[in-house]
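The sequence shown runs contiguously to residue 261 in numbering that gives the first Met the number 0.
Scroll down for the structure; my scribbles are underneath it.
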Amino acid sequence: MILLRHEWRSARTAMLVWAVSIGLLCFITISLFTSMENSAQSMAESLGSMGGLSASMGMDKMNIADFNGYYAVENALIFSVGSAMFAAYLGIISLAKEEEGHTAEFLYTLPYNRRIVWLAKYLSIICLLLAFNCLVIFFEIGAVKLAEVDLDFKAYWLYHIRAFLMQNEVAAFCLLLSAFYRKKQVGLALGLALLLYALDMLCRLIEDVAFLKYVTPYYYANAITVFSQEKLNSLYLLIAGCITVCSLAASYIILKRRDLSV
């Protein structure tokens, strides 16, 4: 509990900055819908004529003239990419920061074995992600109420559940990467989050690389799929679960066996 509290406090400020920043972006995006509602249909028609690119963005399934379509296409993109980057950031700094900050010698002299340390760090990531999601959702729902628009809350909550699973998967994989490095590789983690989004776009644009949908978590956490009520193949979630569990197990094994610099 002491280690968990320490990890929470050390990352609390960063979490608030990320949550408020992304929350405000979502708030502004939702608030803009009422001001552009009259021209939304013409915008939807213009974007719909972009061929494969519009299809990759879900414009062939949702109409941004409708608020649910607007949220799924515009706002969910901000949240998905932003939350994945934050999850990657949490994962990549978790283990490596002890060696980079030369605090490993002190930490591992405490009456805690490496299993307890690893567990505290992983649980802190989950707690920080939960707090982050709650804060951003607060901004989003506040904007929805102020704008007085109709939102399909069933689809909304389902999307956020899938987004949280995606965040957990990205964080777990970056936690594994963190176990290999002696310094925080924040750029690598943020780049990975963006690369996974690029892979999602590619697998929707190019049929020859459609297999990438089994690799990128953005595919099953896509708001368009949820709000258009498209049935999701459970295989994607099974693969995501396997990647998450294997990444967590591997990160623990590596941390337990490696020699730490102090």
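Built from N, CA and C at the ideal position, the CB exists for glycine as well.
When DSSP labels each residue in this structure, what does residue i get in the three-state scheme?
i      : result
ARG4   : helix
GLU73  : helix
LYS230 : coil
ASN132 : helix
GLU147 : coil
LEU94  : coil
ALA239 : helix
ILE63  : coil
Drop a sphere of 10 angstroms on the beta-carbon of residue i, count the other beta-carbons inside from all chains shown, and report buried for 16 or more, exposed for fewer.
i      : result
VAL225 : buried
THR12  : exposed
GLY240 : exposed
LYS230 : exposed
ASP65  : buried
MET14  : buried
ASN331 : Any property of residue 331 remains undetermined from this structure, which presents the chain solely from 0 to 261.
GLY81  : buried
PHE210 : exposed
ILE115 : exposed
ARG8   : exposed
LEU234 : exposed
SER34  : exposed
ILE21  : buried
ARG203 : buried
Just to check my reading of the structure: residue i and residue j have Cβ atoms closer than 8 Å, yes? What is that Cβ distance to the nearest angstrom?
i      : j      : result
ARG222 : ALA18  : Going by the sequence as given, residue 222 is Ala instead of Arg. Going by Cβ atoms, the distance from ALA222 to ALA18 rounds to 19 Å, so no, they are not a contact pair.
ALA87  : ALA178 : 15 Å between Cβ atoms; not a contact.
ASP151 : ASN62  : The Cβ separation is near 13 Å, so there is no contact.
LEU254 : LEU94  : 6 Å
LEU127 : LEU89  : 6 Å
LEU23  : PHE138 : 7 Å
LEU118 : ALA171 : Their Cβ separation, rounded to whole angstroms, is 13 Å, which puts LEU118 and ALA171 out of contact at 8 Å.
PHE78  : VAL135 : 6 Å
LEU164 : ILE91  : Actually they do not touch by this definition, with Cβ atoms about 19 Å apart.
ALA262 : ALA83  : This structure gives no information on residue 262, because the portion of the chain shown stretches from 0 to 261.
TYR219 : LEU201 : The Cβ separation is near 16 Å, so there is no contact.
CYS25  : ALA154 : At roughly 16 Å, the Cβ-Cβ gap does not stay under 8 Å, so CYS25 and ALA154 are not in contact.
TYR213 : ILE238 : 6 Å
Of all Cβ atoms in chain D, is any one closer than 7 Å to the Cβ of residue i?
i     : result
PHE66 : This model lacks chain D altogether; it includes just one protein chain.
Can you find at least 3 beta carbon pairs, one from the region 143-157 and one from the region 20-32, that sit closer than 8 Å?
With contact defined as three or more Cβ pairs closer than 8 Å, the region 143-157 and the region 20-32 are in contact.
Would you check if there are 3 or more beta carbon pairs closer than 8 Å linking the region 177-186 to the region 152-168?
Counting Cβ pairs under 8 Å, fewer than three are found: no touch.
Quick one: which unbroken alpha helix (DSSP H) runs of 4-plus residues sit fully inside the region 159-220? Chain order, please.
Taking only runs of at least 4 residues, the alpha helix (DSSP H) segments lying wholly in the region 159-220 are 185-204.
Measuring CB atoms only, is the region 193-203 touching the region 112-131, in the sense that at least three cross pairs come out at less than 8 Å?
Contact fails between the region 193-203 and the region 112-131, because fewer than three Cβ pairs, one in each stretch, are under 8 Å apart.
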